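Since the structure comes first, as structure tokens, the remarks are kept for the end.
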Amino acid sequence: MPRYSPTVVDHFTDPRHAGELENPDVRAFIGNPVCGDQIMLTATVTDGVITEIRFRAHGCAASLATASVIAEAAAGSALADIETWDDEKVETLLGGLAPDQRHVAALGRQVAHRLVTNHREGVDDDAPLICA
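Given below as structure tokens:
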């Protein structure tokens with residue numbers, strides 16, 4: 063398997079939903095202290111469905127692509143559906159990952175789940191990313 067799948071390369075070189083919503087209904091942040099990867103999602107939710115979503119990410123190419131893929135897959139999705147995502151689902155969305163990059167699938171799943179949990183509990187992760 064090549065280092066990166068075509069999907070990872072595509073989303074790294076042409077990310078979708080990059081940025082941050084100015085007045086989101088919910089925000090979620092996850093950081094991996096071992097590798098330094100970070101993903102923040104901001105979203106607008108209407109009737110349990112993500113109507114708008116943006117991401118900011120810092121880290122390796124695979125983690126940036128993961129943030130883009132997660133945001134793209136979450137746009138228009140019901141929170142209940144996102145809550146069922148597991149690492150395998152995220153890795154499939156990415157078109158596969160090299161063994162040393164599989165931790166980013168977990169990071170993507172974790173931030174997606176945190177978005178759902180934060181919305182349900184009314185919590186807002188406003189931790190800034192290390193990058194500007």
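In terms of our numbering, the sequence shown opens at residue 63 and continues consecutively.
Beta carbons are placed, not taken as given, at the ideal position from N, Cα and C, and that holds for glycine.
This one's a predicted model, so the numbers in the text were calculated from it and none came from an experiment.
>> Just to confirm before moving on: does the CB-CB distance between S130 and A80 stay below 8 angstroms?
In response: Locating residue 130 in the sequence shown gives position 68, where the first residue counts as 1. Locating residue 80 in the sequence shown gives position 18, where the first residue counts as 1. Their beta carbons are under 8 angstroms apart, which means S130 touches A80 by this criterion.
>> Closest to N94 by C-alpha separation, out of L83, R182, S125, T104, would be which residue?
In response: For this step, residue 94 is matched to residue 32 along the sequence shown. N94 has its Cα closest to that of S125, out of L83, R182, S125, T104.
> Starting from Q172 and walking both ways along the alpha helix (DSSP H), at which residues does that stretch end?
Replying inline: Reading the sequence shown from its first residue, position 110 is the one you call residue 172. Per DSSP, Q172 belongs to the alpha helix (DSSP H) from 165 to 183.
>> With three or more beta-carbon pairs closer than 8 angstroms as the criterion, would you say the region 68 to 75 touches the region 85 to 93?
In response: no
>> Please state the DSSP three-state secondary structure of H79.
In response: For the purposes of this step, residue 79 is taken as the residue at position 17 of the sequence shown. DSSP places H79 in coil when its eight states are reduced to three.
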